[in-house]
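First to last, the protein sequences are chains A and B. Position 284, counted from 1, in the first sequence is what full-length UniProt numbering calls 284; the numbers after and before it change by one each time, with no gaps. Position 7, counted from 1, in the second sequence is what full-length UniProt numbering calls 7; the numbers after and before it change by one each time, with no gaps. Using N, Cα and C, we set each Cβ at its ideal position, and we do this for glycine too.
Number of protein chains: 2
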Amino acid sequence: MEFKVSKDFVAQIEQYVEENREKELQNLLDDIHYADIAEIMGELSDSEATYIFHILDSEKTAEILLELDEEVREKILKELSSKEIAEELDELSTDDAADIIAELPQDRKEEVISEINDVEHAKDIVDLLRYDEDTAGGLMGKELVKVNENWNVLTCVKEMREQAVNVQRVHSIYVIDDENRLKGRLSLKDLLTTSTKTPVSDVYIPKVDYVKVNTPGVEVARIMQRYDLEAIPVVDELGRLVGRITIDDIVDVIKEEADKDYQLAAGISQDVEADDSILDLSRARLPWLVLALLGGFITVKVLGLFETAMDVHKELFYFTPLIAAMAGNVGVQSSAIIVQGLANNTLSGSLWKRLIKEVSLSLLNSSILAVILIVGSHFLLGVTYDVGLTVSISLISVIVIASLIGTFVPILLNKFGIDPALATGPFITTSNDICGILIYFSIAKMILGF
Amino acid sequence: MEFKVSKDFVAQIEQYVEENREKELQNLLDDIHYADIAEIMGELSDSEATYIFHILDSEKTAEILLELDEEVREKILKELSSKEIAEELDELSTDDAADIIAELPQDRKEEVISEINDVEHAKDIVDLLRYDEDTAGGLMGKELVKVNENWNVLTCVKEMREQAVNVQRVHSIYVIDDENRLKGRLSLKDLLTTSTKTPVSDVYIPKVDYVKVNTPGVEVARIMQRYDLEAIPVVDELGRLVGRITIDDIVDVIKEEADKDYQLAAGISQDVEADDSILDLSRARLPWLVLALLGGFITVKVLGLFETAMDVHKELFYFTPLIAAMAGNVGVQSSAIIVQGLANNTLSGSLWKRLIKEVSLSLLNSSILAVILIVGSHFLLGVTYDVGLTVSISLISVIVIASLIGTFVPILLNKFGIDPALATGPFITTSNDICGILIYFSIAKMILGF
Numbered sequence: 001m002e003f004k005v006s007k008d009f010v011a012q013i014e015q016y017v018e019e020n021r022e023k024e025l026q027n028l029l030d031d032i033h034y035a036d037i038a039e040i041m042g043e044l045s046d047s048e049a050t051y052i053f054h055i056l057d058s059e060k061t062a063e064i065l066l067e068l069d070e071e072v073r074e075k076i077l078k079e080l081s082s083k084e085i086a087e088e089l090d091e092l093s094t095d096d097a098a099d100i101i102a103e104l105p106q107d108r109k110e111e112v113i114s115e116i117n118d119v120e121h122a123k124d125i126v127d128l129l130r131y132d133e134d135t136a137g138g139l140m141g142k143e144l145v146k147v148n149e150n151w152n153v154l155t156c157v158k159e160m161r162e163q164a165v166n167v168q169r170v171h172s173i174y175v176i177d178d179e180n181r182l183k184g185r186l187s188l189k190d191l192l193t194t195s196t197k198t199p200v201s202d203v204y205i206p207k208v209d210y211v212k213v214n215t216p217g218v219e220v221a222r223i224m225q226r227y228d229l230e231a232i233p234v235v236d237e238l239g240r241l242v243g244r245i246t247i248d249d250i251v252d253v254i255k256e257e258a259d260k261d262y263q264l265a266a267g268i269s270q271d272v273e274a275d276d277s278i279l280d281l282s283r284a285r286l287p288w289l290v291l292a293l294l295g296g297f298i299t300v301k302v303l304g305l306f307e308t309a310m311d312v313h314k315e316l317f318y319f320t321p322l323i324a325a326m327a328g329n330v331g332v333q334s335s336a337i338i339v340q341g342l343a344n345n346t347l348s349g350s351l352w353k354r355l356i357k358e359v360s361l362s363l364l365n366s367s368i369l370a371v372i373l374i375v376g377s378h379f380l381l382g383v384t385y386d387v388g389l390t391v392s393i394s395l396i397s398v399i400v401i402a403s404l405i406g407t408f409v410p411i412l413l414n415k416f417g418i419d420p421a422l423a424t425g426p427f428i429t430t431s432n433d434i435c436g437i438l439i440y441f442s443i444a445k446m447i448l449g450f
Numbered sequence: 001m002e003f004k005v006s007k008d009f010v011a012q013i014e015q016y017v018e019e020n021r022e023k024e025l026q027n028l029l030d031d032i033h034y035a036d037i038a039e040i041m042g043e044l045s046d047s048e049a050t051y052i053f054h055i056l057d058s059e060k061t062a063e064i065l066l067e068l069d070e071e072v073r074e075k076i077l078k079e080l081s082s083k084e085i086a087e088e089l090d091e092l093s094t095d096d097a098a099d100i101i102a103e104l105p106q107d108r109k110e111e112v113i114s115e116i117n118d119v120e121h122a123k124d125i126v127d128l129l130r131y132d133e134d135t136a137g138g139l140m141g142k143e144l145v146k147v148n149e150n151w152n153v154l155t156c157v158k159e160m161r162e163q164a165v166n167v168q169r170v171h172s173i174y175v176i177d178d179e180n181r182l183k184g185r186l187s188l189k190d191l192l193t194t195s196t197k198t199p200v201s202d203v204y205i206p207k208v209d210y211v212k213v214n215t216p217g218v219e220v221a222r223i224m225q226r227y228d229l230e231a232i233p234v235v236d237e238l239g240r241l242v243g244r245i246t247i248d249d250i251v252d253v254i255k256e257e258a259d260k261d262y263q264l265a266a267g268i269s270q271d272v273e274a275d276d277s278i279l280d281l282s283r284a285r286l287p288w289l290v291l292a293l294l295g296g297f298i299t300v301k302v303l304g305l306f307e308t309a310m311d312v313h314k315e316l317f318y319f320t321p322l323i324a325a326m327a328g329n330v331g332v333q334s335s336a337i338i339v340q341g342l343a344n345n346t347l348s349g350s351l352w353k354r355l356i357k358e359v360s361l362s363l364l365n366s367s368i369l370a371v372i373l374i375v376g377s378h379f380l381l382g383v384t385y386d387v388g389l390t391v392s393i394s395l396i397s398v399i400v401i402a403s404l405i406g407t408f409v410p411i412l413l414n415k416f417g418i419d420p421a422l423a424t425g426p427f428i429t430t431s432n433d434i435c436g437i438l439i440y441f442s443i444a445k446m447i448l449g450f
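Here's what the structure looks like:
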């Protein structure tokens with residue numbers, strides 16, 4: 001349990017590989033979980049990783065294959081023959097096997113599928129490949145235990161024993177009619193506690209949550225999370241049971257979605273990792289920076305409009321980064337809360353109430369900040385009270401406006417079907433910079449008159 | 001499945017409550033999932049919600065109680081007698097019951113516990129209350145199915161049937177010795193496919209993942225996610241089986257952790273929601289704004305140092321928000337990637353390699369941005385080439401430094417045991433503002449000489 005991949009351990013493996021000590025390697029890795037071996041293989045060179053892969057038995061390597069980083073997996077798959085890959089896939093559940101096949105080049109896909117021994121398994125995999133990976137169809141597996149509503153529990157248990165051989169974990173027993181349409185479920189508890197003579201139609205629970213094949217993955221995640229489900233059946237357009245999704249796949253969806261939101265908020269488009277190539281990383285980051293640069297051009301223009309202030313109150317220009325920073329921070333705070341509220345479906349009440357709340361909150365915060373600003377800028381920075389007051393009044397207005405932009409941009413984006421997490425990123429900071437500086441100098445001009 | 005809480009539905013419920021139409025309400029809510037009813041109750045007034053709560057049966061209300069927003073739950077619990085609360089808890093699993101009791105005031109806790117009918121259940125709950133909520137002990141429930149290694153499968157199945165009555169979902173069958181020490185597990189599949197005459201010691205799997213009672217919740221989440229576990233047993237200091245954690249509780253931990261990181265990155269401390277009170281929201285947001293304001297004071301000071309530039313190249317001051325914004329954006333991008341890498345444990349390779357990579361990436365991005373800046377500022381803003389070149393060279397330096405700060409601050413924080421997500425927030429933007437402006441004007445001074 002407490003095993004952690006250490007540098008020493010990786011070094012030892014590398015040494016064994018170099019010395020070709022197959023037996024020792026097998027012993028060493030025997031007790032190690034496949035997820036840990038996958039991590040170790042990520043640290044090895046391609047040839048070392050492939051060597052390791054070849055000396056382990058296929059039950060373990062199949063799981064390792066699944067856990068590997070996409071890049072490492074791609075390299076390993078290149079080194080394997082189609083027959084070898086097919087053997088790995090034979091060990092995997094249909095959804096996992098389909099995910100791996102989907103990564104292969106088109107011509108290899110067909111070769112590999114034709115090499116799979118278990119024809120039923122191959123058919124199921126091909127069936128799964130039809131679905132978009134971001135839908136319930138793309139997440140589901142074909143392994144499930146189902147019984148006909150017309151059976152009695154005795155027949156049921158017998159049939160189930162046979163079906164269970166192909167199923168790694170039995171979550172629910174689904175009940176179908178003669179047309180394979182989902183009718184309900186039998187709980188495992190029922191299985192353990194009901195007498196075997198009862199007819200299925202007497203004991204099954206007719207109310208069962210399900211999703212359709214084309215339900216988006218994030219929606220499936222929301223449903224399973226909200227209703228605390230560990231597995232959910234998937235039906236086709238005609239209500240026929242075609243697969244099931246288990247919570248472990250949903251955990252990955254939730255994690256990916258959270259990571260994506262976090263990245264969007266930080267101004268990184270596409271799903272990238274720290275270990276991706278420089279070009280990939282640049283592609284994900286540059287567009288946002290260009291946007292921010294163009295926004296910056298506008299701030300330059302805006303500041304140029306207030307050139308005359310420079311002769312009278314040049315210290316006003318010293319405060320521009322402060323004003324811009326405050327606008328940016330407040331905007332991000334406001335939008336982050338809204339983005340999360342939208343994602344978790346915890347936003348309630350009318351827009352009007354939200355507006356009043358947001359304005360009150362930002363008035364409260366900005367008033368406190370304004371006091372700190374007047375006092376601090378006078379004693380720490382030697383700014384005169386009239387300028388300090390001017391900056392403070394501007395600060396309050398800028399913060400109120402920034403929080404409104406931060407609140408309503410994500411709500412608006414969401415209305416138009418755009419991911420609101422976009423709004424927490426450079427988008428909000430840039431527009432708040434521009435608005436903030438414009439408001440700041442306009443107010444200063446009104447008060448100080450230049 | 002496709003039910004969504006609508007305004008009309010809530011309005012209808014409010015009307016029925018007002019007209020005291022109990023039967024109609026019961027019919028209306030009969031088919032609605034408890035999670036949905038919890039959401040509806042969040043929209044109702046306190047008295048309406050309490051009314052609804054009283055007319056539903058306790059099997060459903062117990063689950064509703066669990067799903068309610070903390071605030072709403074607090075109000076409902078105040079309206080219930082200790083006996084009524086105890087009845088709800090009788091319906092819940094031990095971990096959920098313990099979570100609810102933990103929210104009660106100290107004196108009510110004891111009253112409620114003494115009213116719980118099932119003594120075993122009460123004992124289990126009291127036992128769970130001992131553990132910190134962020135540890136495995138705080139997450140686990142006592143409901144599990146365990147068998148003695150010395151039994152045969154026949155005894156086993158008989159005992160299990162009895163135990164299963166108290167267990168909502170059977171995940172794994174744990175195998176213990178006479179001292180209650182965890183020895184291994186029996187899979188459900190084994191249960192379905194093994195003949196009943198086999199002795200347990202012949203069929204159980206001795207390798208079983210487990211966590212200790214004091215393992216932190218996030219670590220439990222990491223382990224269950226990494227090893228694709230749907231349930232994990234929890235042992236005490238002596239290796240005795242004391243509970244189990246199921247994946248649905250872990251899904252909540254993962255979600256909360258992701259939300260917390262996202263909020264920290266947006267400059268919001270504490271776990272707040274859009275619907276929390278203004279005072280709570282202010283408390284969570286104000287500290288970061290004060291920090292940013294103080295950082296802003298420093299930028300004012302720094303700009304003052306370059307006062308002389310104002311006479312010769314005032315347009316330099318127009319570019320300060322642009323430089324600060326770019327520094328901030330780049331810093332957040334860099335740190336977000338590192339924070340995620342740390343959280344997901346996908347950072348590999350030496351610090352040195354990471355340094356080279358980050359510098360290359362930021363050189364690549366900043367060079368492209370510099371070209372856009374020179375050309376754009378000349379044609380769009382009418383800036384002379386010497387100033388454009390100066391700003392561009394500064395921009396490149398600022399971006400490189402900002403990306404280094406963004407990369408290494410989270411790594412450093414993590415080394416010192418501080419949540420690295422802190423670094424993506426106002427902390428990074430503020431320090432990058434200061435560094436950025438200082439570097440910008442220093443380079444400008446060197447090149448343009450003022």
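Determine the burial state of residue i: buried for a count of at least 16 other Cβ atoms within 10 Å of its Cβ, exposed for fewer.
i, result
"Y262(A)", "buried"
"E179(B)", "exposed"
"D36(B)", "buried"
"A11(A)", "exposed"
"Y385(B)", "exposed"
"S277(A)", "exposed"
"I40(A)", "buried"
"M160(A)", "buried"
"N329(B)", "buried"
Looking at the strands, I want to know which residues DSSP matches up with residue i.
i, result
"I173(A)", "V145(A), L186(A)"
"L241(A)", "V235(A)"
"T135(A)", "P216(A)"
"N152(B)", "P199(B)"
"V10(B)", "DSSP lists no partner for V10(B)."
"I205(B)", "R185(B)"
"V211(A)", "V234(A)"
"T246(B)", "A231(B)"
Identify the contact partners of residue i in chain A, using a Cβ-Cβ distance below 7 Å as the criterion.
i, result
"N365(B)", "S282, R285, L286, L289"
Just to confirm my understanding: we take residue i, look at its own chain, exclude 5 residues before and 5 after, and list those with CB closer than 8 Å. What are they?
i, result
"I113(B)", "A86, I101, A122, I125, V126"
"T246(B)", "G141, R169, H171, E230, A231"
Chain B partners of residue i, CB-CB under 8 Å?
i, result
"S360(A)", "I278"
"I268(A)", "Q333, A336, I337"
For a contact meaning CB atoms closer than 7 Å, what does residue i contact in chain B?
i, result
"L380(A)", "F297"
"E273(A)", "G341, T346"
"Y227(A)", "H33, A35"
"G304(A)", "Y318"
For the alpha helix (DSSP H) containing residue i, list its first residue and its last residue.
i, result
"K4(A)", "Looking at the DSSP string, K4(A) is not in any alpha helix (DSSP H), and its letter there is neither H nor E."
"A421(A)", "Per DSSP, A421(A) belongs to no alpha helix (DSSP H) and is neither H nor E."
"L395(A)", "385-415"
"N365(B)", "351-381"
Within the same chain, show all residues whose beta-carbon is closer than 6 Å to that of residue i, passing over the 5 residues directly before and after it, in chain order.
i, result
"G137(B)", "Y131, V213"
Under 8 Å between beta-carbons, which chain A residues line up against residue i? List them in chain order, please.
i, result
"M326(B)", "L289, A292, L293, G296"
Since residue i meets chain C, which of its residues come closer than 7 Å, beta carbon to beta carbon?
i, result
"D259(A)", "Of the protein chains in this structure, namely A and B, none is chain C."
What does residue i reach in chain B if we use C-beta pairs closer than 9 Å?
i, result
"G376(A)", "L293, L294, F297"
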